[in-house]
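Heads up: the protein sequence lines correspond to chains A and B, in order.
Just so it is clear: in the first sequence, position 98 is 98 by UniProt numbering, and no numbers are missing.
Just so it is clear: in the second sequence, position 107 is 107 by UniProt numbering, and no numbers are missing.
All residues carry an ideal CB built from backbone N, CA and C; glycine is no exception.
Computed from a predicted model, the values in this text were never measured in an experiment.
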Amino acid sequence: MAADTLFQRITDYAHRADPYPLYAELRESRVARQEDGSYLVGTYHEIAALLHDPRVSSDRRNRTAPDETGIGEEGLPPAFIGLDDPEHHRLRSLAMWSFGPPHTPGRIDAMHGEITRIVKDLIGGLAGKERIDIVDDFAYPLPVTVICRLLGVPIEDEPQFRQWSDAIVAGIDPSPGEDPAERQRAAAEARKTMALYLGELAGKRRDHPSGDMLSAFATGHGTDGQFTQLEIMTTSVLLLIAGHETTVNLITNGILTLLRHPDQLARLRSDPTLMPLAVEELLRYEPPVQMLPQRTPLADIEISGLTIPKGVPLILMLASGNRDPERFRDPDRFDPAREDNQHLGFGSGIHSCFGAPLARLEAQIALNELIQHLGSPRLVEDPPPYRRSPVLRGPRHLLVEPG
Amino acid sequence: MRGEVRDGRIVIVGASLAGLRAAETLREKGFTGSLTLVGEEPQPPYDRPPLSKQVLLGRVPADRTGLPRRRDVEAQWRLGVRATGLDPIGKRVLLADGEEVPFDRLLIATGTRARPWPNPAEAALDGVFTLRTSDEARRLAERLDAGPRRVLVIGAGFTGSEIASACRERGLAVTVAERGPAPLVGALGGTLGALAAKLQRAHGVDLRCGVTVTALEGDGRLTGAQFSDGTHIDADVAVVALGAIRNTEWLAESGLAAGPRGVTCDAGCRAFDMYGIVTDDVFAAGDIARFPHPLFEYQLLSLEHWGNAVAQAEVAAHNMVNPGPRRLPHLTVPAFWSSQFGLNIKSVGVPTFSDQVVIAQGSLKDARLVAVYGYRGRVTAAVSVNQARSLAYYQRLIETAAPFPPAPGAADQIESPVPVPSDVPDPKLLSHGPTVALTGHMPDRRLTVVQPAR
Ligand SMILES: Cc1cc2nc3c(=O)[nH]c(=O)nc-3n(C[C@H](O)[C@H](O)[C@H](O)COP(=O)(O)OP(=O)(O)OC[C@H]3O[C@@H](n4cnc5c(N)ncnc54)[C@H](O)[C@@H]3O)c2cc1C
């Protein structure tokens, strides 16, 4: 009985502020079958194994029961996050061409100065405020500005695609028991509009390239093949959304966690070189992506003595694996100097987070600068109000009063 | 008793990857006694894999591949001096400079050296190289910088193939000569060997298989080479990549089970003596060691793998400072990587321990695949080409002795999964050695020897 309703409880907004006791419950059953036929996995080693298992598909079209997310309704193929190799590899490599190694290894590193400037501008804007909303005043505008610069999207259009993005994220929310049809129609619509918008931008760059990623996507490169217009559209929608919906939570969860651990905050403030490790610990302790709801086994897969049948929805609870005592000593303790911290915050396997280097850099700079400038801030409300999404989990607002 | 384990005198002979990692681990595990590292090479420990890759490409200078230090090991370093003997009764290591170093426990980590060209006069020709040390890599890289007209690579194992790849990337003309039927065939078998052959040729290598080089020609300087099929080429550089020789000669009088195949030890890295009796104070790790592995029917394995040197050194060090019941076995699944001709090749398990192979993911055509190897119906190895991410999955299949062929169902299974013979040739057919050698159950010398009185 308990296992049947576990996922409902996890996705229930009432548990958003602290889902961790539910994850502990999940780990006890290791693999938990839900009433609707889906399977939850919450233990570290099992999740890691499934993330590297070539029989686990990321393509929802492999589900036996018809897919209900509305993805595809708008007539667009899935972006690479929802595809398997070799298609996934081809598209991901094409996107990587202008983002990371081997062709563009220095791109993210070179943004160090620019990100620092953006962060300092935002912090400048906080001066004199008696109350700061870490989300709206800082953690949201930062990654949006960065990803816009990187892709080459005018920041003036932000209000526009923020609406689209909200609708798309709402569409992937698994909310068992509730009729998702309306949300999903809205998500499909938003996805299509956003794709057309980015497609049009890329079209303009084709004639006037300007050194950003959309230009690179549009003008093509080298010998590794080239995106079609449709692929540019789906890929850039993915990057624009993933580029900010996750980092905002990483930064906000980071500040919240540090404010809850003043001793660690003081330690990091006096030694900024600890921040890279601290960000890794945050990715373990409060990961922005709590679960991967869209895997599907292509064969019956035996794990922990249980068979996960082919074609069912398979949900990997990354945040639960990150707190698995079989893998991490004292897993509920926030320890910025933790060694051997191979967390699942960025997933693992062929789909491991494309934007990880960027997210790391942004969070390291943002948190370091913020804790230097905020003095000893006071949390106005703990727990803060959370966003709806149980997948991309984080506070919707985080009010602090600078000390 | 406990105190004694953490102090006393430990000597490590062989100051390279396994030696350094063992030293660091000893200190991590709380060893407080005196530590001496003896190394024949004058420079501090460095990394060899880049020598045949980044160094030959001119991207990294040969003297810049120093191994990163995890911690200070607080040791006496005796670099630039060879160990010439081991007195197991007096517990002393004898050095070439006449000194002796006493020990309570000893770690042997002397690795291997390049097999030289068998004809000394020809080997001495200017332009003939081997590649094992940073010194050799520096000299070879300098010669490649000078733009030779043609490079001959003798032996198409991993090292030879990587050298050929670096030369092609520099735009140099290359001939590769291999006695076996294809490059890499000794390590990976026929299917991937055929892929390697195709790729080398596609990259412009003049690849000649099934032939041997019968003579290197020149008068002071190398000018060309003669092949067993009667053909001849002009070449001004030749790299002899005929595999490695284990550095065990200095142990000849030690009474240990040490011979051309390495130093035989148990799963806890303790060396055997020549009667097969395990010692308790002499350990071995890295390329020099030859150890039984339960996943491969307890056959003795000799590996020439970076990861094995690290893992085995850590286990050896742990066991050197822990009493019996706390000792650990070295059961790591062998793993190896190589990069050449734009391919990233990774291997887990022992591909030579196989009778069949199947392409479980991807395809030969795209040069992006995972080949899974089986022996008598169970999975024993997997090799990925440009697709390393799912290797963890196959490693688990190896560890659990999963049935071969693995059940179909991979997302990117393109070729029909029909197992074919793995075509692992008899090592005698190769110019070079395979990087994993199964060396049987017996120590090398099976005779009973009477210990000479001292
Ligand atoms: C060119 C090249 C490329 C490689 N590429 C890869 C790769 O891509 N992937 C991979 O997994 N592995 C690779 N390897 C293999 C890897 O480098 C070895 O497995 C590893 O170096 C083994 O470490 P070791 O410490 O056991 O032995 P070694 O590195 O051989 O060190 C032994 C040391 O002992 C010293 N010594 C020997 N005899 C004596 C004596 N009597 N007294 C004192 N000192 C002595 C030697 O001078 C040497 O420094 C490569 C090796 C080479 C040469």
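Residue i to residue j span [Cα, whole Å]
i	j	result
A:His343	A:Leu283	7 Å
A:Arg27	A:Pro19	13 Å
B:Tyr46	B:Thr65	5 Å
B:Tyr373	A:Leu142	49 Å
A:Glu182	A:Lys120	41 Å
B:Val420	B:Gly190	10 Å
B:Leu86	A:Ala366	59 Å
A:Arg30	A:Pro293	16 Å
B:Glu415	A:Glu362	42 Å
B:Gln226	B:Leu152	11 Å
B:Thr159	A:Ile155	52 Å
B:Arg378	A:Tyr44	27 Å
A:Asp85	B:Val348	21 Å
B:Cys209	A:Gln226	37 Å
A:Val135	A:Trp97	32 Å
B:Leu447	A:Asn322	Because B:Leu447 carries a pLDDT of 38, less than 50, the predicted location of this residue cannot be relied on, and no value is offered for it.
B:Thr439	B:Pro294	14 Å
A:Gln372	B:Thr32	41 Å
B:Ser384	B:Arg368	8 Å
residue 460 of chain A	B:Ala316	There is simply no residue 460 of chain A to check, as chain A begins at 1 and stops at 403 in what is shown.
A:Glu231	A:Glu114	29 Å
B:Ala410	B:Asp126	52 Å
B:Gly180	B:Ala196	13 Å
A:Gln364	A:Val146	14 Å
B:Gln451	B:Val81	Residue confidence is low: B:Gln451 scores 41 on pLDDT, short of 50, so the model does not pin down where it sits. Its coordinate-derived value is still stated next. Their backbone Cα atoms lie some 28 Å apart in a straight line.
A:Leu256	A:Asp109	27 Å
B:Leu37	B:Gln299	31 Å
A:Ala17	A:Pro390	10 Å
A:Tyr197	A:Ile168	15 Å
A:Thr228	A:Leu318	33 Å
B:Gly324	B:Ala109	22 Å
B:Gly362	B:Asn344	14 Å
B:Leu131	B:Asp97	26 Å
A:Glu245	A:Pro287	12 Å
B:Glu100	A:Gly355	56 Å
B:Gln43	B:Leu17	13 Å
B:Met442	B:Ser422	Confidence at B:Met442 is low in this model, with a pLDDT of 41, below 50, so the placement of that residue should be treated as unreliable; the coordinate-derived value is given next. Those two C-alpha atoms are separated by around 26 Å.
A:Leu22	A:Gly42	10 Å
Neighbour list for residue i in chain A, Cβ cutoff strictly below 7 Å
i	result
B:Gln361	Pro54
Whole-number beta carbon distance between residue j and residue i, since they are thought to touch under 8 Å
i	j	result
A:Met213	A:Leu151	5 Å
B:Ser354	B:Ala335	The Cβ separation is near 16 Å, so there is no contact.
B:Leu56	B:Trp117	That pair is no contact at about 19 Å.
A:Phe161	A:Leu239	Contact doesn't hold; Cβ gap of about 12 Å is too wide.
B:Glu41	B:Leu79	7 Å
residue 455 of chain B	B:Leu35	Residue 455 of chain B lies beyond the range of chain B shown here (1 to 454); nothing can be said about it.
A:Ala139	A:Ile303	A:Ala139 to A:Ile303, Cβ: 36 Å. No contact.
Where residue i meets chain A, residues with beta-carbon distance less than 9 Å
i	result
B:Gly409	Pro54, Arg55, Pro297, Leu298, Ala299, Asp300, Ile301, Lys310
Distance cut-off 8 Å: residue i Cβ against heavy atoms of ligand 3
i	result
B:Ser161	Judged by which ligands are present, ligand 3 is missing from the structure shown, whose ligands are ligand 1.
Amino acids of chain B, ordered along the chain, whose beta-carbon sits closer than 8 Å to that of residue i
i	result
A:Asp84	Ala411, Asp412
Problem set entry | Contact set between the segment 37–50 of chain A and chain B, restricted to residues whose Cβ is under 7 Å from the partner | Those residues of the segment 37–50 of chain A placed with their C-beta closer than 7 Å to a C-beta in chain B are Ala49, ordered along the chain.
For this session: Return the residues of the segment 369–380 of chain A that lie within a Cβ-Cβ distance of less than 9 Å from chain B, sorted by chain order.
Result: none
Exercise. Looking at chain B, which residues of the segment 346–368 of chain A have a Cβ within less than 7 Å of any of its Cβ atoms?
Worked result: Gly349, Ile350
For this session: Identify each residue in the segment 389–418 of chain B for which the Cβ-Cβ distance to at least one residue of chain A is less than 7 Å, and report them in chain order.
Result: Arg389, Ser390, Ala392, Tyr393, Arg396, Ala407, Gly409, Ala410, Ala411, Asp412
Exercise. What residues in the segment 361–382 of chain B bring their beta carbon closer than 8 Å to a beta carbon of chain A?
Worked result: Gln361, Gly362, Asp366, Arg368, Val370
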